Amino acid sequence: MVDKLLLYDGVCNLCNAGIQFVGKRDGARRIMFCSVQSQAAQPYLQRIGLNKEDVLRRFVFIENSDWSAASTAAARVAKQMDPPWPLLGSTVMAFPEPVRDAVYDFVAKHRYSLFGRTQKCQIPGLSLLERFVDRDELLSSGEQKEAGKKVN
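Encoded structure:
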């Protein structure tokens with residue numbers, strides 16, 4: 131089990147763009163990633179008592195034995211990133227959670243219509259792929275050639 135894991139919707143274009151964004155701004159490489167559609171996600175889901183559908187509604191950030199979802203998870207991820215992103219994470223947390231999550235839920239509900247989706251989990255570029263807990267599943271999905279084509 132890894133210490134810091136972001137569980138996300140692997141077919142969501144917005145989610146995948148977010149993974150790319152975080153990956154580029156986490157210079158210390160603290161955060162690992164895993165699509166909720168993978169088998170590798172199951173032990174983490176069981177550990178925190180959630181199911182796949184929970185994460186498809188609101189992405190989850192697991193940090194050691196604690197976890198958070200939605201806007202709180204986004205703020206906690208930002209706090210792990212290179213400056214100035216931790217400041218944004220702290221600023222987001224200053225707003226009441228119901229307000230933050232209302233905005234988050236609105237975007238999450240419309241993410242496929244606004245940003246699109248793919249049929250299979252997207253494969254990140256090779257430099258980011260090593261940070262994916264489910265990398266073996268991604269590569270065995272028959273799309274190995276795509277990994278080299280995507281740009282981080």
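For the sequence shown, the positions run 131 to 282 when the working numbering is used.
Cβ coordinates follow ideal geometry from the N, Cα and C atoms, glycine included.
Please read these numbers as outputs of a predicted model, since none were measured by experiment.
- Query: Taking DSSP as the reference, what is the three-state secondary structure of M162?
  - Reply: In this structure, M162 counts as strand in the three-state DSSP scheme.
- Query: Can you give the Cα-Cα distance for V132 and T202, rounded to whole angstroms?
  - Reply: Whole-angstrom Cα-Cα distance: 20 Å.
- Message: Assuming P254 and I161 are in contact, meaning their beta carbons sit under 8 Å apart, how far apart are those beta carbons, in whole angstroms?
- Response: So it is not a contact: roughly 13 Å between Cβ atoms.
- Query: CA-CA distance, A147 and S165?
  - Reply: 13 Å
- If we count Cβ pairs, one from each stretch, closer than 8 Å, do we get three or more for the region 182-191 versus the region 139-146? yes
- Message: So, at 8 Å on beta carbons, what are the nonlocal neighbours of N194 in its own chain, with the 5 sequence-adjacent residues on each side left out?
- Response: D133 and K134
- Query: In its own chain, which residues sit with a C-beta less than 7 Å from the C-beta of R295, not counting the 5 before and 5 after it?
  - Reply: Summary: the structure shown does not reach residue 295, with the chain confined to residues 131 through 282, and so no result is reported for it.
- Coarse secondary structure for A224, derived from DSSP in three states: Secondary structure of A224 (DSSP, three-state): coil.
- Uninterrupted alpha helix (DSSP H) stretches inside the region 172-242 (no shorter than 4 residues): 172-178, 182-187, 200-210 and 215-223
- Take the Cβ of L136 as the centre, count every other Cβ of all protein chains shown within 10 Å, and call the residue buried at 16 or more, exposed below. buried
- Query: When the distance is taken between beta carbons, is L268 closer than 8 Å to C251?
  - Reply: Yes, the pair counts as a contact, with Cβ atoms nearer than the cut-off.
- Item | Cβ distance (whole Å) where A200 is taken to contact Y234 below 8 Å | 5 Å
- Query: Taking the alpha helix (DSSP H) that K154 falls in, what are its first and last residues?
  - Reply: N143 to R155
- C-beta contact flag for R265 and R159 at 8 Å: no
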